[in-house]
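Trainee:
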Amino acid sequence: MKQVVEPQFEAKNDYDIFAELAKRAGKEQAFTEGKSEMEWLKEFYQVAFEAGKKLIRHCWISRHFGRKIKC
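Here our numbering is used: position 56 in the sequence shown is 124, and no number is missing along the way.
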């Protein structure tokens, strides 16, 4: 994600806040799994993209074009 404005004063994003809390609790590795905020975002988007491809393929094969389906 592109940053629109610089953080004001000591403001931090949610990931940094919770990673710091996890670090103080001795659980930083469990929380971050060694991934940065951007690495997590890329992984989430990739998982969602793959799930969407399967749904589109299912709808195309079953000739489901626009009616509600149960997920």
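We put the beta carbon where it would ideally sit given N, CA and C, even for glycine.
In whole angstroms, what is the alpha-carbon distance linking K121 and F77?
Mentor: So the alpha carbons of these two residues sit roughly 42 Å apart.
Trainee: What three-state label does DSSP hand A93 in the structure shown?
Mentor: Coil.
Trainee: Expressed to the nearest angstrom, what Euclidean distance is found between the alpha-carbon atoms of G94 and K110?
Mentor: About 26 Å.
Trainee: Measuring only the C-alpha atoms, how far is N81 from E101?
Mentor: Computed Cα separation, rounded: 18 Å.
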